[in-house]
Amino acid sequence: MIYTLPVILHFCSIMKDENKKTRLMFIIDGALINAALVLTSGIFLSGYIVFLDGSDFLVGILNNSLTWTSVAALFSFLIFERMERRKKLLLALLIASRLLVCSSVFLPLIFGKGTATLGILTTMVIAGNVLWGVYAIGASVWMIGSFPKESRNGFVYNRIFWIRIFFTLFTMIMGFVLDWSGKSYSGFLIVFLTSMVLSLADVYVLTNIKEQVNIVPVDGRFKPRLFFEPLARKGYRDFLIFIFMFYSSLTISSSFTPLYLIRYLKFDYKFISIINVISYVFLIVCTGLWSRLESRKGLMFVFKLTGLIAIVEFLIYGFLKSDTYFLLYLAPVFSGIGYSGFNVTIFNHRYELMPENNRTVYEGWFGAVLGLSMLVSPVIGDFIMNRLPVFQNIIFQYSKFQLMYFISFILAVGVVLFALKDSKC
Numbered sequence: 001m002i003y004t005l006p007v008i009l010h011f012c013s014i015m016k017d018e019n020k021k022t023r024l025m026f027i028i029d030g031a032l033i034n035a036a037l038v039l040t041s042g043i044f045l046s047g048y049i050v051f052l053d054g055s056d057f058l059v060g061i062l063n064n065s066l067t068w069t070s071v072a073a074l075f076s077f078l079i080f081e082r083m084e085r086r087k088k089l090l091l092a093l094l095i096a097s098r099l100l101v102c103s104s105v106f107l108p109l110i111f112g113k114g115t116a117t118l119g120i121l122t123t124m125v126i127a128g129n130v131l132w133g134v135y136a137i138g139a140s141v142w143m144i145g146s147f148p149k150e151s152r153n154g155f156v157y158n159r160i161f162w163i164r165i166f167f168t169l170f171t172m173i174m175g176f177v178l179d180w181s182g183k184s185y186s187g188f189l190i191v192f193l194t195s196m197v198l199s200l201a202d203v204y205v206l207t208n209i210k211e212q213v214n215i216v217p218v219d220g221r222f223k224p225r226l227f228f229e230p231l232a233r234k235g236y237r238d239f240l241i242f243i244f245m246f247y248s249s250l251t252i253s254s255s256f257t258p259l260y261l262i263r264y265l266k267f268d269y270k271f272i273s274i275i276n277v278i279s280y281v282f283l284i285v286c287t288g289l290w291s292r293l294e295s296r297k298g299l300m301f302v303f304k305l306t307g308l309i310a311i312v313e314f315l316i317y318g319f320l321k322s323d324t325y326f327l328l329y330l331a332p333v334f335s336g337i338g339y340s341g342f343n344v345t346i347f348n349h350r351y352e353l354m355p356e357n358n359r360t361v362y363e364g365w366f367g368a369v370l371g372l373s374m375l376v377s378p379v380i381g382d383f384i385m386n387r388l389p390v391f392q393n394i395i396f397q398y399s400k401f402q403l404m405y406f407i408s409f410i411l412a413v414g415v416v417l418f419a420l421k422d423s424k425c
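Listed below in C-alpha cells is the structure:
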C-alpha cells in the first residue's frame, strides 16, 4: 500500500497535466479556426462578391452560407455514431472545407470577373461550408466530450474569450489591408491566403489532441426513434423553435448588412473593421461579467436578458444612413454586450438539454434548424424589401433597408418576450 501511493499520485498528476494540455489545445484551435472563418465570411466574403460585381441577392444569400449550409449536416450522425474514432475523418473534412472556400480567391486569375467566376465561386463556397457543417457537429461533440460536465461552462467561457480576441485582431488588420490595397484583388488575395494559413495551422493543432473513444451500439442500425428524439423532448424542441424564430427575425435584414454598408453607404473596410472591433471588444470585456451573473442568477436569466440587449443593434441600424454614420459606433456596443453572453449561453444551454449520449443527433438538429432560419431568411427578406415603399426624408435615405431593420427589431423583441412569458426555452 505504501509503495502504490506515489504511483497513484504520479498518475493523477499526469492526468491533470493532460487535461490542462487538452484545454489549451482546444483554446488554440478555437482561436485559429474562428479567425480563419471570419476572413472568408461576413463582411470579407460579401466584399469579395461585390468586387466581382455579384448581385444584391447573391451577396445576401452567401453572407450567412456558413450557417445555413449546416442544414445538410443533419444526417451526419449516421456517420459519426457508427465510428469509434472520428478524428481522421474530422481532419479530412476540415482540410477539404477550408481549401474549397479559401481557394475560391484564385478564380479571377483563371476566369476573370464574370458570370462563370460567380457561379463557380458560389458552388465552392456552398460545398466547402456544407463540409464545414458536418465537421462542426463532430468537432463540438469531440471537444465537449473531452471534459467532465461540471467544468464545461467555465471552459467554454474561457475559450470564447480567446476566440474573440483573435478574430478581433485579424478583422481589424485585414480591414486595413483591404483599404491599403485600394479594395483591389490583391487585398482579397492576402485575406483569403491568410485564412488558409490559419486553417492549416489549426489542423496541425488538432492532430495533437487526443480523441475520446465513442461507444458504438452493438447492432449499429439506423433507429428512427433516435433520429427524432430531440424533437420528442419538449425542452429541446421548444429551444429549437426559439432558435428558428429568433434568428429568422434578425437575419431577414442582417443578411444584407454588409451589402448595405459596402455598396450603398460606401463605407471603407477599415471603418467597418473598426466598428466590428468595437463589438468584439465588448464581446471580450463582458464575457466574464455574464459568467459571474450566470452563477448568481442562472443561465436562463442571462440567456434572455442578453438576447434583448443584442436586439437593440437593429433598432439603431434602422436610423443609419450616410450622414448618421456615427450611429455605427453605438450599435456594436449593444451587439457586443448582448452577444457576449447570449452566444455562450446558447452553447451551454443546449448541452444542458442533451443527454450524455447520442449528442451528434442533437447537434445535427440544432445546426439544421439554425441553418434553415439563415437559408429562408434572405429569401424572405429580399421578397419583403422588394415590396417596401421607396422614399427619402430626414430619417430615411434607403428606406427599404432601414424599414427591414425596424421589422427585425419588432419581430425579435416579440420572440424573446414570448419566450420569457411562457419560459419555453
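Going by this note's numbering, 71 is the number at position 71 of the sequence shown; the sequence numbering is gapless.
Here a beta-carbon is modelled for each residue, glycine too, at the ideal position from N, C-alpha and C.
Source: prediction; values computed, not measured.
Taking buried to mean at least 16 other C-beta atoms within 10 Å of its own C-beta, is K20 buried or exposed?
-> Taking the first residue of the sequence shown as position 1, residue 20 is located at position 20. In the assembly as shown, K20 is an exposed residue. Its beta-carbon has fewer than 16 other beta-carbons within 10 Å.
Item checked: C-beta atoms of I284 and I165 nearer than 8 Å -> Locating residue 284 in the sequence shown gives position 284, counting from the first residue. Locating residue 165 in the sequence shown gives position 165, counting from the first residue. Closer than 8 Å, so yes.
Q.
Using 8 Å for Cβ pairs, my map puts M404 next to I252. What's the rounded Cβ distance?
A. Here residue 404 refers to the residue found at position 404 when the sequence shown is read from its first residue. Here residue 252 refers to the residue found at position 252 when the sequence shown is read from its first residue. Their Cβ separation, rounded to whole angstroms, is 6 Å, which keeps M404 and I252 in contact under 8 Å.
**Q.** S377 versus I243, L100 and L193, residue with shortest Cα-Cα distance
**A.** Stepping through the sequence shown from its first residue, residue 377 is reached at position 377. Comparing C-alpha distances from S377 to each of I243, L100 and L193 shows the shortest one belongs to I243.
Going by DSSP, what residue range makes up the alpha helix (DSSP H) through Y236? On the sequence shown, position 236 is the one that residue 236 refers to. Counting along the chain, the alpha helix (DSSP H) containing Y236 begins and ends at K234 to S254.
Exercise. If you draw a straight line from the alpha carbon of L315 to that of V333, how long is it in whole angstroms?
Worked result: Reading the sequence shown from its first residue, position 315 is the one you call residue 315. Reading the sequence shown from its first residue, position 333 is the one you call residue 333. Here the alpha carbons of V333 and L315 stand approximately 13 Å from one another.
Checklist entry - Given a threshold of 16 other Cβ atoms within 10 Å of its Cβ, counted over all protein chains shown, does Q392 qualify as buried or as exposed? => result In the sequence shown, residue 392 corresponds to position 392, counting from 1. Classification of Q392: exposed, given that the 10 Å Cβ count is below 16.
Unbroken alpha helix (DSSP H) run spanning F272, endpoints: Numbered from 1 along the sequence shown, position 272 holds the residue referred to as residue 272. Just to set this straight, residue 272 is Ile in the shown sequence, not Phe. That run of the alpha helix (DSSP H) goes Y269 to K297.
**Report entry** Which listed residue (L198, H349, G182 and M385) has its alpha carbon closest to that of F51
**Finding:** Here residue 51 is taken as the residue at index 51 of the sequence shown, counted from 1. Nearest option by C-alpha distance: G182.
Endpoints, alpha helix (DSSP H) assigned at E352: Here residue 352 refers to the residue found at position 352 of the sequence shown. Counted as a single uninterrupted DSSP element, the alpha helix (DSSP H) harbouring E352 occupies residues A331 to L353.
Three-state secondary structure (DSSP) at F93?
Taking the first residue of the sequence shown as position 1, residue 93 is located at position 93. For the record, residue 93 in the displayed sequence is Leu; it is not Phe. Three-state result, L93: helix.
Do you know how far the Cα of I337 is from the Cα of L308?
For the purposes of this step, residue 308 is identified with residue 308 of the sequence shown, where counting begins at 1. For the purposes of this step, residue 337 is identified with residue 337 of the sequence shown, where counting begins at 1. Using only the alpha carbons, I get a separation of about 10 Å.
Closest to N64 by CA distance: which of L198, I110, L250 and I262 is it? Counted from its first residue, the sequence shown places residue 64 at position 64. Measuring from the Cα of N64, the nearest candidate turns out to be L250.
- Query: Does DSSP classify G54 as helix, strand or coil?
  - Reply: The residue you call residue 54 lines up with position 54 of the sequence shown. Three-state DSSP puts G54 in coil, outside helix and strand.
| Counting Cβ pairs, one atom from each stretch, are 3 or more of them under 8 Å apart for the segment 341–359 and the segment 313–328? | As far as the Cβ criterion goes, the segment 341–359 does not touch the segment 313–328, which means the pair count is below three.
| query | Rounded C-beta distance between F188 and A35? I'm assuming under 8 Å. | reply | Position 188 of the sequence shown, counting from 1, holds the residue named residue 188. Position 35 of the sequence shown, counting from 1, holds the residue named residue 35. Not quite, the Cβ-Cβ distance comes to about 17 Å (not below 8 Å), so this is no contact.
* Asked: Which of the three DSSP states, helix, strand or coil, is assigned to K266?
  -> Against the sequence shown, residue 266 aligns to sequence position 266. In the structure shown, K266 sits in coil (DSSP, three-state: anything other than H, G, I, E or B).
Cβ-Cβ distance between V415 and M300 below 8 Å = Counting from one through the sequence shown, the residue named residue 415 turns up at place 415. Counting from one through the sequence shown, the residue named residue 300 turns up at place 300. One thing to note: V415 has its Cβ no nearer than 8 Å to the Cβ of M300.
Buried or exposed: G298, going by 16 or more other Cβ atoms within 10 Å of its Cβ? Residue 298 sits at position 298 when you count from the first residue of the sequence shown. Label assigned to G298: exposed.
- Which word fits I2, buried or exposed, when buried means at least 16 other C-beta atoms lie within 10 angstroms of its C-beta? The residue given as residue 2 occupies position 2 in the sequence shown. Here I2 scores only 40 on pLDDT, less than 50, and its place in the model is too uncertain to base an answer on.
Nearest candidate by alpha-carbon position, reference M124, set R86, G154 and S97: Counted from its first residue, the sequence shown places residue 124 at position 124. Considering only alpha carbons, the answer is S97.
field: CB-CB length for I49 against V38, believed under 8 Å
entry: On the sequence shown, position 49 is the one that residue 49 refers to. On the sequence shown, position 38 is the one that residue 38 refers to. At roughly 16 Å, the Cβ-Cβ gap does not stay under 8 Å, so I49 and V38 are not in contact.
* In chain order, each alpha helix (DSSP H) run of at least 4 residues that lies wholly inside the segment 116–175 -> DSSP runs (the alpha helix (DSSP H)) wholly in the segment 116–175: none.
key: contact_flag[the segment 167–178, the segment 268–281] where n(CB pairs < 8 Å) is 3 or more   = Flag = yes, the segment 167–178 and the segment 268–281 touch.
Margin query: Comparing C-alpha positions only, which one of I43, V390, S146 and N386 sits nearest to F26?
Written below: As a working note, residue 26 is residue 26 in the sequence shown. Residue S146 holds the alpha-carbon nearest to the alpha-carbon of F26 among I43, V390, S146 and N386.
With DSSP collapsed to three states, give me the class of N208. Locating residue 208 in the sequence shown gives position 208, where the first residue counts as 1. N208 falls in the coil class under three-state DSSP.
- Query: According to DSSP, is T40 helix, strand or coil?
  - Reply: Sequence index remark: in the sequence shown, residue 40 carries index 40 (1-based). T40: coil per DSSP, three-state reduction.
Exercise for the section: Within 10 angstroms of the Cβ of A31, are there 16 or more other Cβ atoms? Answer buried if so, exposed if not. Expected result: Stepping through the sequence shown from its first residue, residue 31 is reached at position 31. It is buried - the Cβ of A31 has at least 16 other Cβ atoms within 10 Å.
Would you report the Cα separation of G47 and R296, rounded to the nearest angstrom?
-> The count along the sequence shown starts at 1 and reaches residue 47 at position 47. The count along the sequence shown starts at 1 and reaches residue 296 at position 296. The straight-line gap from Cα to Cα measures roughly 43 Å.
Note to self: Buried or exposed for F366, going by 16 or more other Cβ atoms inside 10 Å?
What the structure shows: Taking the first residue of the sequence shown as position 1, residue 366 is located at position 366. F366 is buried by the Cβ-count criterion.
State the Cα-Cα distance for the pair V302 and V390, rounded to the nearest angstrom.
-> For the purposes of this step, residue 302 is identified with residue 302 of the sequence shown, where counting begins at 1. For the purposes of this step, residue 390 is identified with residue 390 of the sequence shown, where counting begins at 1. Their backbone Cα atoms lie some 39 Å apart in a straight line.
Starting from S377, trace the alpha helix (DSSP H) in both directions and tell me its first and last residue. Within the sequence shown, residue 377 is the residue found at index 377, counting from 1. For S377, the enclosing alpha helix (DSSP H) starts and ends at R359 to M385.
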